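Colleague: I have a structure I would like to understand better, so I am pasting it below and will then ask my questions one at a time.
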Amino acid sequence: MRGQFKDTVSDLAGVDERVAVILGDVSFYMFRHFQEAHPDRFYNMGICENALISVAAGMSAMGMKPFVHTIAPFITERSVEQIKLDMSYNRFGGNIVSCGASFDYAWDGATHHTYMDLAILRLIPDTEVIQPGSNREIDSLLRNRYANDKTTYFRLSDHPHDIDVDTTFGKATVLKDTGAKVTVMTAGPLLGNVFEACRELDVNLVYFHTLKPIDRETIERFRDTRILVVHDAFGLHEAINEVPDIRTRYHGLPDQFCGWYGTLHDIRKRIGLDVEGIRNAVERAVSKAENA
Amino acid sequence: MNATPREIRANILRISHGSGHGHIPTCFSVIESLCAVYSTMRHDPQKPEWTGRDRFVLSKGHAALGYYAVMSAFDYFPIEDVHTFGAFDSNFGCHADRLKVPGVEVSTGSLGHGIGVAAGMALAAKIARSDTRVYTLIGDGESNEGSVWEAIMVAVNGGLDNLTVIYDANGSQGRCLPIPNPAERFAAFGCDVAEVDGHDIDAMKTALQEKGGKPRVVVAKTVKGWGARTLSENFHEWHRRSPNAEELRNLLEEVDAWAV
């Protein structure tokens, strides 16, 4: 997905002189052609994430459309006040594009995990929070949102799904609607596992790439079902629960640091976000719904 | 300027007394620096959004009352407007809001933010091949924040010679985390540094007008509470205090009697 991000931003920079890229010493080699094409709009600025956000906000203040890109926990959790004040409170805006969340750096341990990015950025007024799950989604959503004068967060993944979904900003995709008593709601790259887990089960399935603004209209369609939110982060569950009188259950991150190293797949298996773990969780929800 | 620094200080005291708000000693330390900036940079109070303007960012946002009083002295708005300082629905909060006050470029308050935003503005001006200059005023206490030094490193590495940082060396962190020899430190980081009397407007203007090939730092040697003996000798006690009626009278007399 990082490659698609690079391709899309390179396209945009070719037609929009306001586009600039600021890296925190990540993906530098990947952007070498961008650097050659636009040397005055490419900055591998350093491992100083607070400054990256502030500088990007200042560039936005002057009319530019900067993309700040580095590893997720450092550019979000570490820099949340810069995002809150310099980009959002000032209404300068800017594009923040992270990598490494969703346990892409599982082997690096919990210092490189990102539990709160989606959840906390969603709480900042006037932000947009996007967790694309596929290359089509990131391409479409970047093009649609990069110049909107808002603070927009894109959380990339190294393990995209390959399922065809609606890429319209703010719109959920109903992948299954069988009139079942249970509706599974998910977001981002985890959709691949969720889709497979639900394939043989009589459940509805709804997918989100946009966590803020959340598609309340689609959620409302399933208000009379038992909703199970399956997510590899915090933020989606809370967003859905903000729809009045909606009651959900959450299957995702435990209340502990997932510092077991290994790979994304190892971590997902340990916390029940592999296909089998998700299927078990959904089956439990179906069983409870049938016995209710 | 439609008011002298002495009159600006008197305005600050009256507004602080009437509103019950204000960081008076820190405001008093930056008056001449602000006057020098607004006397130096290109700006038009009648057209605050003029695209050809230079930019100023008050990074030490708690000096907002001093900022308003100086902006008023440069005709951005009548000083009477500022008497609502800190009140509900006022445009003039204890930290300035760029969406409410014409001419304020960046809303600041949390320390260590404005200088980074200013660096981004300077970088954008460079990219646009504009001759816009960006000025920012930071505090020595504020410079306890690591983000200040991140921004300085980025500015130096980016060759932002269109950025001027005024460092208000009023000694406010003497009891906490002092920064000895700030000029040496900024020079070591690669800045072009001048050290001047921060209460001498002409000296400040001269320092601000000089240009080198690096980001410029003007270390303004100031006294917190400068302009009133009670404040300068008791600046910790007065950090966030407003004068009552009797104190106001005494402070106004001290301002009036202050030997410049």
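Same order as they appear, the protein sequences are chains A and B. Residue numbers are given in this note's numbering: position 233 of the first sequence equals residue 216, and the series is strictly consecutive. Residue numbers are given in this note's numbering: position 234 of the second sequence equals residue 233, and the series is strictly consecutive. For glycine and all other residues, C-beta sits at the position ideal for the given N, C-alpha and C. Remember, predicted model here, so these are calculated numbers, not experimental data.
Quick one: Cα of residue 203 of chain A to Cα of residue 226 of chain A, how far?
Modeller: Taking the first sequence and counting its residues from 1, one reaches residue 203 of chain A at position 220. Taking the first sequence and counting its residues from 1, one reaches residue 226 of chain A at position 243. Using only the alpha carbons, I get a separation of about 8 Å.
Colleague: Anything in chain B within Cβ reach of residue 34 of chain A, meaning under 7 Å, just list it in chain order.
Modeller: Start at 1 with the first residue of the first sequence, and residue 34 of chain A comes out as number 51. By Cβ distance, chain B contributes 115, 146, 149, 150 and 153.
Colleague: Residue 38 of chain A touches chain B at which residues, Cβ-Cβ below 7 Å?
Modeller: On the first sequence, position 55 is the one that residue 38 of chain A refers to. Within chain B, the residues near residue 38 of chain A are 115, 118, 119, 122 and 153.
Colleague: Beta-carbon separation of residue 117 of chain B and residue 56 of chain B under 7 Å?
Modeller: Here residue 117 of chain B corresponds to residue number 118 of the second sequence, with the count starting at 1. Here residue 56 of chain B corresponds to residue number 57 of the second sequence, with the count starting at 1. Cβ atoms of residue 117 of chain B and residue 56 of chain B: closer than 7 Å.
Colleague: Counting only beta-carbon atoms, is residue 73 of chain A nearer than 7 Å to chain B?
Modeller: Taking the first sequence and counting its residues from 1, the one referred to as residue 73 of chain A is at position 90. Using a CB distance cut-off of 7 Å, residue 73 of chain A counts as an interface residue toward chain B.
Colleague: Which residues of chain B have a Cβ atom closer than 8 Å to the Cβ of residue -4 of chain A, listed in chain order?
Modeller: Counted from its first residue, the first sequence places residue -4 of chain A at position 13. Those do not exist, as residue -4 of chain A stays about 12 Å from chain B at its closest Cβ, beyond 8 Å.
Colleague: Can you check DSSP and say which residues form a bridge with residue 283 of chain B?
Modeller: Because chain B spans 0 through 259 in this model, residue 283 of chain B falls outside it and cannot be assessed.
Colleague: Any beta-carbon of chain B closer than 7 Å to the one on residue 76 of chain A?
Modeller: Counting from 1 along the first sequence, the entry for residue 76 of chain A is found at position 93. Contact of residue 76 of chain A with chain B is not assigned, every C-beta pair being separated by 7 Å or more.
Colleague: On a Cα-Cα basis, can you pick out the residue from A/33, A/197 and A/43 that is closest to residue 112 of chain A?
Modeller: Locating residue 112 of chain A in the first sequence gives position 129, counting from the first residue. By alpha-carbon distance to residue 112 of chain A, the top candidate from A/33, A/197 and A/43 is A/197.
Colleague: Would you call residue 98 of chain A buried or exposed, if buried means 16 or more other Cβ atoms sit within 10 Å of its Cβ?
Modeller: Along the first sequence, one-based indexing puts residue 98 of chain A at 115. Buried, by the Cβ-count rule.
Colleague: Does residue 49 of chain B pass the burial test, meaning 16 or more other C-beta atoms within 10 Å, or should it be called exposed?
Modeller: Position 50 of the second sequence holds residue 49 of chain B. Its Cβ having fewer than 16 others within 10 Å, residue 49 of chain B is exposed.
Colleague: Could you pull the DSSP bridge partners for residue 168 of chain A from this structure?
Modeller: Taking the first residue of the first sequence as 1, we reach residue 168 of chain A at position 185. The partner list for residue 168 of chain A (beta bridge, DSSP) reads A/189 and A/212.
Colleague: Tell me, to the nearest whole angstrom, how far the beta carbon of residue -12 of chain A is from that of residue 121 of chain A; I am working on the premise that it is less than 8 Å.
Modeller: Position 5 of the first sequence, counted from the first residue, corresponds to residue -12 of chain A. Position 138 of the first sequence, counted from the first residue, corresponds to residue 121 of chain A. Yes, residue -12 of chain A and residue 121 of chain A are in contact; Cβ-Cβ is about 6 Å, under 8 Å.
Colleague: For residue 62 of chain A, which of A/46, A/215, A/17 and A/81 has the nearest alpha-carbon?
Modeller: Sequence index remark: in the first sequence, residue 62 of chain A carries index 79 (1-based). When each option's Cα is compared against that of residue 62 of chain A, the closest is A/81.
Colleague: So, is the C-beta of residue 15 of chain B closer than 7 Å to a C-beta in chain A?
Modeller: Residue numbering aside, residue 15 of chain B sits at position 16 when the second sequence is read from its first letter. Answer no: the Cβ-Cβ gap between residue 15 of chain B and chain A never drops below 7 Å.
Colleague: List the residues of chain A whose Cβ lies closer than 8 Å to the Cβ of residue 106 of chain B, in chain order.
Modeller: To locate residue 106 of chain B, count along the second sequence from 1; it is residue 107. The contacting residues are 68, 72 and 73.
Colleague: Mind checking residue 176 of chain B: buried by the 16 CB within 10 Å criterion, or exposed?
Modeller: In the second sequence, residue 176 of chain B corresponds to position 177, counting from 1. Counting Cβ neighbours within 10 Å, residue 176 of chain B comes out exposed, since fewer than 16 surround it.
Colleague: Assuming the contact rule is C-beta atoms closer than 8 Å, residue 160 of chain B and residue 210 of chain B should be a hit. Round their C-beta distance to whole Å, please.
Modeller: Indexing the second sequence from 1 puts residue 160 of chain B at position 161. Indexing the second sequence from 1 puts residue 210 of chain B at position 211. Residue 160 of chain B to residue 210 of chain B, Cβ: 7 Å. Contact.
Colleague: Let me check one thing: in DSSP terms, what residues is residue 130 of chain A bridge-paired to?
Modeller: Here residue 130 of chain A refers to the residue found at position 147 of the first sequence. DSSP output for residue 130 of chain A lists no bridge partner at all.
Colleague: Would residue 244 of chain A be called buried (16 or more neighbouring beta carbons within 10 Å of its own) or exposed?
Modeller: Counted from its first residue, the first sequence places residue 244 of chain A at position 261. So residue 244 of chain A ends up on the exposed side.
Colleague: For the region 115 to 147 of chain A, which residues have a CB atom closer than 8 Å to at least one CB atom of chain B, in sequence order?
Modeller: So the list is empty, because no residue satisfies the distance condition.
Colleague: So residue 228 of chain B is in the alpha helix (DSSP H); what residue range does that whole segment cover?
Modeller: As a working note, residue 228 of chain B is residue 229 in the second sequence. It spans 228 to 232 - the alpha helix (DSSP H) in which residue 228 of chain B sits, taken as one unbroken run.
Colleague: Check each residue of the region 154 to 169 of chain A: if its Cβ is closer than 8 Å to any Cβ of chain B, include it; give the result in chain order.
Modeller: none
Colleague: Below 7 Å between beta carbons: does that hold for residue 115 of chain A and residue 104 of chain A?
Modeller: As a position in the first sequence, residue 115 of chain A is number 132, starting the count at 1. As a position in the first sequence, residue 104 of chain A is number 121, starting the count at 1. Cβ distance not < 7 Å, so residue 115 of chain A and residue 104 of chain A don't count as in contact.
Colleague: Would you say residue 42 of chain B faces chain A, with C-beta separation under 7 Å as the test?
Modeller: As a first step, residue 42 of chain B must be located in the second sequence, where it is residue number 43. No - not a single Cβ of chain A is within 7 Å of the one on residue 42 of chain B.
Colleague: Judging by CA-CA distance, which residue of A/45, A/36 and A/6 is the nearest neighbour of residue 104 of chain B?
Modeller: For this step, residue 104 of chain B is matched to residue 105 along the second sequence. If we check each option's Cα against that of residue 104 of chain B, A/45 comes out closest.
Colleague: Going along the chain, which residues of its own chain have a beta-carbon closer than 6 Å to the beta-carbon of residue 266 of chain B, five neighbours each way excluded?
Modeller: There is no way to answer for residue 266 of chain B, as the model of chain B reaches only from 0 to 259.
Colleague: At a CB distance below 8 Å, what residues from the region 82 to 102 of chain B approach chain A? Give them in sequence order.
Modeller: 97 and 98
Colleague: Note down the Cα distance separating residue 23 of chain A from residue 16 of chain A, rounded to an integer number of angstroms.
Modeller: Here residue 23 of chain A refers to the residue found at position 40 when the first sequence is read from its first residue. Here residue 16 of chain A refers to the residue found at position 33 when the first sequence is read from its first residue. Straight-line Cα distance between these residues: approximately 13 Å.
Colleague: Indicate whether at least one CB of chain B lies closer than 7 Å to the CB of residue 31 of chain A.
Modeller: Position 48 of the first sequence holds residue 31 of chain A. Chain B, which has a Cβ nearer than 7 Å to the Cβ of residue 31 of chain A, makes this yes.
Colleague: For residue 41 of chain A, would you say it is in contact with chain B, using Cβ-to-Cβ distances shorter than 7 Å as the test?
Modeller: Numbered from 1 along the first sequence, position 58 holds the residue referred to as residue 41 of chain A. Judged by the 7 Å Cβ criterion, residue 41 of chain A is in contact with chain B.
Colleague: Which residue from A/141, A/-7 and A/87 puts its Cα closest to that of residue 247 of chain A?
Modeller: As a first step, residue 247 of chain A must be located in the first sequence, where it is residue number 264. Of the listed residues, the one whose Cα sits closest to residue 247 of chain A is A/87.
Colleague: Terminal residues of the continuous beta strand (DSSP E) containing residue 6 of chain A?
Modeller: Indexing the first sequence from 1 puts residue 6 of chain A at position 23. Start and end: 2 to 6.
Colleague: Who are residue 69 of chain B's beta bridge partners in DSSP?
Modeller: Residue 69 of chain B sits at position 70 when you count from the first residue of the second sequence. Residue 69 of chain B is not bridged to any residue.
Colleague: Identify the contact partners of residue 109 of chain B in chain A, using a Cβ-Cβ distance below 7 Å as the criterion.
Modeller: Residue 109 of chain B sits at position 110 when you count from the first residue of the second sequence. Within 7 Å Cβ-Cβ: 64 and 68.
Colleague: Would you decide whether residue 161 of chain A is buried or exposed? Buried here means 16 or more other CB atoms lie within 10 Å of its CB.
Modeller: Stepping through the first sequence from its first residue, residue 161 of chain A is reached at position 178. Counting Cβ neighbours within 10 Å, residue 161 of chain A comes out exposed, since fewer than 16 surround it.
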